[in-house]
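Asker:
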Amino acid sequence: MLFLATLVIFTPIATVLFVLIQRGLPEIRWEFLTQMPRMGMRQGGIFPAIVGTFYLVIGTVAIAMPVGIATAIYLSEYAKETRLKRLIEIAIVNLAGVPSVVYGLFGMGLFVLFLHFGSSILSGALTLAMMSLPVIITSSREALSSVPYSFREASLALGATRWQTVKHAVLPHALPGILTGTVLTIARAAGETAPILFTVAAFYLPKLPHSIFDQCMALPYHLYVITTQVPNVRISLQYGTALVLVGLVLGINLIAVLIRAHIRSQKKW
Amino acid sequence: MFAKITIDNLNLYYGSFHALKNVSMLINTNQVTAIIGPSGCGKSTLLRCINRMNEVITNVDVEGSIEIDGEDILAKGVDLRELRRKVGMVFQRPNPFPLSIFDNVAYGPWVHRIRNLKELQRRVEESLQAVGLWDALKDRLDTSALKLSSEQQQRICIARLVAARSEILLMDEPCSALDPIATAKVEELIYELKKEYTIVIVTHNMQQAARISDESGFMLLGELVEFGHTDQLFTTPQDQRTEEYITGRYG
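Those protein sequence lines, which keep their order, are chains A and B. Count the first sequence with our numbering and you get residues 16 to 284, in order. Count the second sequence with our numbering and you get residues 40 to 290, in order.
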């Protein structure tokens, strides 16, 4: 029974990967990964989409990680148990459940139009960061609360300030867990389409962005475009693009798994 | 002999719960003062008033006064960092940081802005010597403190306070996680340390209190029922409740 349930989970994943690899792998050549798309995306490579997604991931990490960790530290280590704190916690939980297309529209309203960042890498990364924040905060708080209370007590009782206690007695031991959660969240953000749809993604832009105020192509949106918006694109090109996207996400997840394995081997208490 | 700590009419409330009721006591320099009583009688709460660690977790209301060396430590604007450096605490379960032995002992001075490596090394050696660990550990100061036995860990925790130059050691059932042999060794250490320090120890082990303390207090339901010389308290208690407790009619 339990084995069957496991099989039900495993089969679709294995099938998807199998189909992707079988149909997409012939397309994965050096030129495919490093060239601009040509002929209305029917020929050439997906280089700008890979670079665009790479920039978006970097931008999302740069924004969401410091803000998320700072929020988690504040909520776990500083904030007193007040009604306001409860309210913030409920808001964070609910934000995690907001559909990604809503983030996309909100990002367009706030960053693209109101703040005049235009359709740009900055707007896209900010939108993806907003979407990632609730999960980063939640997983960081879990990592913080897994650090034994006695470390804090010992530190405070020696006359350390709260900040010294967080910095020396708590954070170093929570950091691996925080990193794992963050990386997993970022992997999800890399594959999202809706949040970047209105905030950054270019339909067809066969050149690389020069600054964070430029538009760029991105893998998930490019995949959507060549599968539904452009007629007569080779099937193998579509599968190849999907394979690169899945490979990228799995690659980022692998980093998280490695970090976690590293923690386990170093687990000190 | 003079009083290091003067506790006067101390009342403490957790919300509406009256946890300490009119507690007054004098704690003498270079003595071991034991506080005994059944679980939940407020003895740990009393201990945590002396370094104001009660305030860390919950909101508490405290009335009355505690003076250390004539200074009211409950007053507004007291430097809590300095207070807690001076009044160190040893916990029920040994709680070394998951750091090296050296870093554990040097943590106190380090957070008090002593960053000179020579000075830190000096303090670590002196502190480990004070708790009788130097000869055993001097060649492996960079191994994790968590690899040590519970008894050694508890000694490390005491060494941390020595390195921070604490003057008062508050011990909250420091031997309850140790086996009898380790307990005997830590008790010996406590006896040694009282030459230099003022020690307040909370214990539910009455034999331990009788063995190591000069003065003892018996607490019940937030009240300090009786306080006096340990010999007297254990042989000729004045209060009937004390007698009932030490003869084993409670708990």
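Each residue gets a CB set at the ideal place from its N, CA and C atoms; glycine is no exception.
Since I believe B/Ile207 is in contact with B/Tyr236 (beta carbons under 8 angstroms), could you give me their beta-carbon distance rounded to a whole number of angstroms?
Answerer: Sure, about 7 angstroms apart at Cβ, within 8 angstroms.
Asker: Ends of the beta strand (DSSP E) at B/Asn312?
Answerer: What is shown of chain B runs 40 to 290, which leaves residue 312 of chain B out entirely.
Asker: Nearest CA to the CA of B/Leu113: which residue from B/Glu94, B/Ala223, B/Val129, B/Ile66?
Answerer: Of the listed residues, the one whose Cα sits closest to B/Leu113 is B/Glu94.
Asker: So what does DSSP say about A/His188, is it helix, strand or coil?
Answerer: Three-state result, A/His188: helix.
Asker: Out of A/Gln50, A/Val261, A/Ile151, A/Arg249, point me to the one whose CA is closest to A/Val108's CA.
Answerer: If we check each option's Cα against that of A/Val108, A/Ile151 comes out closest.
Asker: What is the C-beta distance between B/Glu226 and B/Gln247, in whole angstroms, given that I count them as a contact (C-beta under 8 angstroms)?
Answerer: Contact flag correct, Cβ pair sits at about 7 angstroms.
Asker: State the beta-bridge partners of B/Phe257 as determined by DSSP.
Answerer: In the DSSP output, where bridge partners are listed per residue, B/Phe257 has B/Ile75, B/Glu265.
Asker: Going along chain B, which residues have a C-beta under 8 angstroms from A/Ser165?
Answerer: Within 8 angstroms Cβ-Cβ: Phe130, Arg132, Asn134.
Asker: Identify the continuous alpha helix (DSSP H) that holds B/Asp142 and give its terminal residues.
Answerer: From DSSP, the alpha helix (DSSP H) with B/Asp142 extends over 140-150.
Asker: Leaving out five residues on either side along the sequence, give the residues of the same chain with a beta carbon under 7 angstroms from the beta carbon of A/Ser91.
Answerer: Counting only Cβ-Cβ distances below 7 angstroms, and skipping sequence neighbours, we find Arg156, Leu159, Ser160.
Asker: What's the C-alpha gap between A/Thr180 and A/Leu171?
Answerer: Rounded to whole angstroms, A/Thr180 to A/Leu171 spans 7 angstroms at the Cα level.
Asker: What is the DSSP secondary structure of B/Tyr236, counted as helix, strand or coil?
Answerer: It is coil, neither helix nor strand.
Asker: Between A/Glu92 and chain B, is the shortest Cβ-Cβ distance under 8 angstroms, so that the two count as touching?
Answerer: No - not a single Cβ of chain B is within 8 angstroms of the one on A/Glu92.
Asker: Beta carbons nearer than 8 angstroms to chain A: which residues of the segment 198-230 of chain B have them?
Answerer: Residues Arg199, Leu200, Ala203.
Asker: Quick check: the segment 132-146 of chain A against the segment 60-75 of chain A, are at least 3 beta-carbon pairs closer than 8 angstroms?
Answerer: Yes: at least three Cβ pairs fall under 8 angstroms.
Asker: Around the C-beta of B/Thr281, are 16 or more other C-beta atoms found within 10 angstroms, so that it is buried, or is it exposed?
Answerer: With 16 or more Cβ atoms within 10 Å of its Cβ, B/Thr281 is classed as buried.
Asker: Using a Cβ-Cβ cut-off of less than 7 angstroms, list which residues of the segment 59-93 of chain B approach chain A; keep chain order.
Answerer: Those residues of the segment 59-93 of chain B that come within reach of chain A (Cβ to Cβ, closer than 7 angstroms) are Asn90, Met92.
Asker: Would you mind telling me which residues of chain A sit closer than 9 angstroms to B/Tyr53, beta carbon to beta carbon, in chain order?
Answerer: Residues of chain A passing the Cβ test: none, with the nearest at roughly 14 angstroms.
Asker: Tell me, to the nearest whole angstrom, how far the beta carbon of B/Asp108 is from that of B/Lys43; I am working on the premise that it is less than 8 angstroms.
Answerer: The pair is a contact, with the Cβ atoms about 7 angstroms apart (cut-off 8 angstroms).
Asker: Going by C-alpha to C-alpha distance, which of B/Asn143, B/Ala202, B/Glu265, B/Asn61 sits closest to B/Lys186?
Answerer: Out of B/Asn143, B/Ala202, B/Glu265, B/Asn61, B/Asn143 has the C-alpha closest to the C-alpha of B/Lys186.
Asker: So A/Ser226 is in the beta strand (DSSP E); what residue range does that whole segment cover?
Answerer: Looking at the DSSP string, A/Ser226 is not in any beta strand (DSSP E), and its letter there is neither H nor E.
Asker: Using DSSP's beta-bridge definition, name the partner residues of A/Gln58.
Answerer: Per DSSP, A/Arg53.
Asker: Tell me, please, which residues DSSP counts as bridged to B/Leu209.
Answerer: DSSP output for B/Leu209 lists B/Met128, B/Val239 as bridge partner(s).
Asker: Label B/Arg288 either buried or exposed according to how many other C-beta atoms from any shown protein chain fall within 10 Å of its C-beta, with 16 as the threshold for buried.
Answerer: With fewer than 16 Cβ atoms within 10 Å of its Cβ, B/Arg288 is classed as exposed.
Asker: Helix, strand or coil: how does DSSP classify B/Lys186 here?
Answerer: Three-state DSSP puts B/Lys186 in a helix.
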